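Let me begin by presenting the structure, written as structure tokens, before commenting on it.
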Ligand SMILES: [Zn+2]
Ligand SMILES: [Zn+2]
């Protein structure tokens, strides 16, 4: 019986794995240069972590979560996004209590039960960054600058940074009513989803991608024109800070993000590299989220980017090359005596950090051994047979130039080490 991987979940290996590793290490470098510390939270969280924060009526909570029953009664969830678990962890360990701004990044697998398609898997990976305890609009600008740096560092310029403000609990309710009044006469022409959203989440109609819905809200009142004084001040300082950080952006009144917990700044990076205006990543400020865990409020702002989507964009631009791991030395012993000489030496080199591989099968001929050295893309092949041992020599072959050189068998380890500098 053939057993396959679960639908929408991928194996990563070979060149694809190499590309991932290249991108992963770049992301960590960027996070470090912006002074963010890594945090890892468990894959499984209690259901309430998401139903209280992401919002009961979002697609994620309604239909995309993988749930597991713990001891038959307690509902656990395979994490569908990063921020809710992050906030759970911050509150649990009272990291917010210091009152000092703190910066974190995460790189974690996420799980959502949706129809698999290009760039959208059921197990996918997100890289995200969060700043807690800093209410300043400059923190919002910095978070965007970090995400911007990811694309810049790969030489990608085909993307847009779209920013908006979704207000706060003080100014948003009145705007919601205003928006509903505006939409109500055209309620019938909205898609089914948006008709359901109309009463409780009318803002989400603004970012529906269906042409009919977009038509209805095209000239709708804009949140940015109905902000309270504090939100107005925050938004204009934020826009200035973003310019000062040299991030190019567009104001887009329809960026509201899918999740209920955003306040003030909301943003999305979109690119045509993934098909018309697809999201590469996004985020926003979520100052009120912690009250949902019974904690005092503390400010937070963050972004998440989908690794699979980033990889598609990078491949479309051929912005990364696979960087396969290959050995420096391939040991090719011919005969029993050579085998016993080289086996311990191969470990001595590995332990000194030099990637070294050795053929263990003793019945292979020179031709087979050279083919292996070639296939592995080894820099050098080391050949040793009874004749060479008799003369106290070993043959080192440069696999690129085919040049051969005789090395003294008694100082072999040091001669090989010199080749690696
Ligand atoms: Zn406000
Ligand atoms: Zn719609």
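Numbering (this note's numbering), first residue to last: 149 to 569.
Glycine included, C-beta positions come from ideal geometry on N, C-alpha and C.
Predicted model, so just to flag it, every value in this text is computed and none were measured.
Under a 10 Å Cβ-count criterion, residue 297 is classified as buried, with 16 or more other Cβ atoms of the shown protein chains found around its own Cβ. Under the three-state reduction of DSSP, residue 362 is assigned to helix. Secondary structure of residue 214 (DSSP, three-state): strand. A straight line joining the alpha-carbon of residue 179 with that of residue 514 spans about 48 Å. Just so you know, the alpha carbons of residue 219 and residue 435 end up roughly 35 Å apart. Listed as beta-bridge partners of residue 272 by DSSP are 258. Measuring C-alpha to C-alpha distances from residue 443 to each of 244, 196 and 543 identifies 244 as the nearest. The straight-line gap separating the alpha-carbon atoms of residue 467 and residue 166 is approximately 13 Å. It is roughly 10 Å from the alpha-carbon of residue 330 to the alpha-carbon of residue 323. Closest by C-alpha distance to residue 159, out of 344, 397 and 270, is 270. Pairing residue 379 with residue 315 gives a Cβ-Cβ distance under 8 Å. With respect to the 8 Å criterion, residue 295 and residue 327 are not classified as neighbours on the basis of their beta carbons. The set of residues with CB atoms less than 6 Å from any heavy atom of ligand 1 reads, in chain order, 315, 316, 318, 319, 375, 376, 378 and 379. Approximately 13 Å separates the beta-carbon atoms of residue 450 and residue 289; this is outside 8 Å, ruling out the contact. Between the C-alpha atoms of residue 214 and residue 262 there is a straight-line separation of about 10 Å. Here the stretch 514 to 526 makes no contact with the stretch 488 to 501; the two share fewer than three CB pairs at distances below 8 Å. A distance of 8 Å or more separates the beta carbons of residue 302 and residue 456. Near ligand 2, meaning a Cβ closer than 5 Å to any of its heavy atoms, lie the following residues in chain order: 339, 342, 356, 358 and 361. By the CB criterion at 8 Å, residue 212 and residue 228 fall inside the cutoff.
For residue 532, the beta-bridge partners assigned by DSSP are 481. It is roughly 52 Å from the alpha-carbon of residue 318 to the alpha-carbon of residue 152. Approximately 6 Å separates the beta-carbon atoms of residue 547 and residue 528; this is inside 8 Å, confirming the contact.
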